[in-house]
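In my numbering, the protein residues as written are 681 to 846.
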């Protein structure tokens, strides 16, 4: 697989992050054949997902056709977890996946700050954490799913059972 660009945390960090001007051609930015800046696709996910075989296959397939026009940058896991979003690399397009220990709220904060084109809706990823919302979305889309019930507990541990056998 072609190498990805360096993921320097200093890229794009300023005291007024929202006012950061876009890089100009010739200032260390890769350029496309037409002289324009290459589109940078940022992958913001835990390393086990960002470096997974399926993700690498997707990136490879995209680069086969568009390597002259775009490049990938994988955000380092340590940066995602420990650094403020103002220090995250700049990208034009963002792919981000929720996982255990992934700070989804920080990815949403980055989206608000930098305004990249987001491939997958970050707010909807919270829905994946609620089985009721997942089953409701499947039902609305007409996708067959198993009979199920959901137990919701309050802070005291009292439960309420919801049945849905449709």
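Even for Gly, the Cβ is constructed at its ideal location relative to N, Cα and C. Since the structure is predicted, the reported quantities are computational estimates derived from the model, not experimental observations.
> What do you get for residue 704, buried or exposed, if any count of 16 or more other CB atoms within 10 angstroms of its CB means buried?
Replying inline: Because the pLDDT of residue 704 is 42, which lies under 50, any placement of that residue in the model is unreliable, and the number read from its coordinates should be weighed accordingly. With fewer than 16 other Cβ atoms within 10 Å, it is exposed.
> Out of curiosity, what's the CA-to-CA distance linking residue 839 and residue 752?
Replying inline: 46 Å
> With 16 other CB atoms within 10 Å as the buried threshold, where does residue 769 fall?
Replying inline: buried
> Helix, strand or coil: how does DSSP classify residue 710 here?
Replying inline: coil
> Terminal residues of the continuous alpha helix (DSSP H) containing residue 820?
Replying inline: 811-820
> Less than 7 Å separating the beta-carbons of residue 812 and residue 798?
Replying inline: Against a cut-off of 7 Å, the Cβ pair of residue 798 and residue 812 comes out as no contact.
> Looking at residue 793 and residue 776, is the spacing between their C-beta atoms short of 7 Å?
Replying inline: no
> Are the CB atoms of residue 773 and residue 721 nearer to each other than 7 Å?
Replying inline: A contact, by the Cβ cut-off of 7 Å.
> Can you list the alpha helix (DSSP H) stretches of 4 or more residues lying completely in the segment 715-776, in chain order?
Replying inline: 727-730, 733-746 and 757-762
>> The alpha helix (DSSP H) that contains residue 784, what's its start and end?
In response: 784-794
>> Within the continuous beta strand (DSSP E) that includes residue 828, where are the two ends?
In response: 828-833
> What is the DSSP secondary structure of residue 841, reduced to helix, strand or coil?
Replying inline: strand
> For residue 819 versus residue 724, is the C-beta spacing smaller than 7 Å?
Replying inline: Residue 724 sits away from residue 819, with the two beta carbons spaced by 7 Å or more.
> Roughly how many angstroms lie between the CA atoms of residue 822 and residue 717, to the nearest whole one?
Replying inline: 42 Å
> With burial defined as no fewer than 16 other Cβ atoms inside 10 Å of the residue's Cβ, what is the status of residue 760: buried or exposed?
Replying inline: Label assigned to residue 760: buried.
>> At the level of alpha carbons, what is the spacing between residue 779 and residue 744?
In response: If you take the alpha carbons of residue 779 and residue 744, they lie about 28 Å apart.
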